[in-house]
Amino acid sequence: MARGGISFEGIGFRGVTFKAGAGIKALVSAANRDVVVGVPVVVSGAQTVDLGTDGDTVFGFIDVYEDDGHVTVQVDGFRTDVPIGAIAPTVGKIAAVDGTGKIKDSGTTAKLRNPIVVEVDTIAKVATVFLG
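Take 913 as the starting number for the sequence shown in our numbering and just add one per residue.
Next comes the structure, spelled out in structure tokens:
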């Protein structure tokens, strides 16, 4: 018997709350909070994510935008509603942000996710790092 379609939706999902950066807030104010669901983000400051600049490595995807300016970011698992630009990304390549809320092929060939600094306390001299 033939197997039906394969769905990756929701597998391995893990969400973390961050503050939304100015780029995300601008998209929401121009439309509504649903417009940013699935949008790729990068860490842009302490406890904050934003759209990033063209070529930045994707940190995660917005799952929910809250009216208080916070977002739940999916940092693990599969995401099936990620916006892409006019040139479709290549299957098997590393995804990068395009700076407008879509993904594209990354210029890097590295296959492992690098640790990303999420928060720094210069007084205590410690950092919070996301390991992947």
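Here a beta-carbon is modelled for each residue, glycine too, at the ideal position from N, C-alpha and C.
If you're wondering where the values come from, they're calculated on a predicted model, not measured in any experiment.
Nearest-angstrom Cα distance between aspartate 1033 and threonine 960?
Aspartate 1033 and threonine 960: Cα-Cα distance of roughly 14 Å.
Quick one: residues in its chain with C-beta nearer than 7 Å to the C-beta of glycine 981, no 5 flanking neighbours on either side, listed in chain order?
The residues are Lys931, Ala932, Lys937.
With DSSP collapsed to three states, give me the class of valine 976.
Three-state DSSP puts valine 976 in a strand.
I'd like to know whether the C-beta atoms of aspartate 993 and valine 983 end up nearer to each other than 9 Å.
No, these two residues do not count as a Cβ contact at 9 Å.
Would you mind stating whether alanine 1007 and isoleucine 999 have Cβ atoms separated by less than 9 Å?
In this structure, isoleucine 999 does not lie closer than 9 Å to alanine 1007 by Cβ.
For the candidate residues Thr1021, Glu978, Gly1011, whose alpha-carbon lies nearest to that of aspartate 968?
Out of Thr1021, Glu978, Gly1011, Gly1011 has the C-alpha closest to the C-alpha of aspartate 968.
Pull the bridge partners of glycine 927 from the DSSP assignment, please.
In the DSSP output, where bridge partners are listed per residue, glycine 927 has Gln986.
Helix, strand or coil: how does DSSP classify valine 947 here?
Here valine 947 sits in helix by DSSP.
Around the Cβ of serine 956, are there at least 16 other Cβ atoms within 10 angstroms (buried) or fewer (exposed)?
So serine 956 counts as buried.
Rounded to whole angstroms, what is the Cα-Cα separation between threonine 1002 and glycine 935?
Near 26 Å, if we compare the C-alpha coordinates of glycine 935 and threonine 1002.
Can you pull the DSSP bridge partners for isoleucine 996?
Paired residue(s): Ile1015.
Provide the residue(s) that pair with aspartate 966 in DSSP beta bridges, ordered along the chain.
Partner(s): none; aspartate 966 has no beta bridge.
In terms of alpha-carbon separation, which member of Leu963, Val1009, Asn944 lies closest to isoleucine 996?
If we check each option's Cα against that of isoleucine 996, Val1009 comes out closest.
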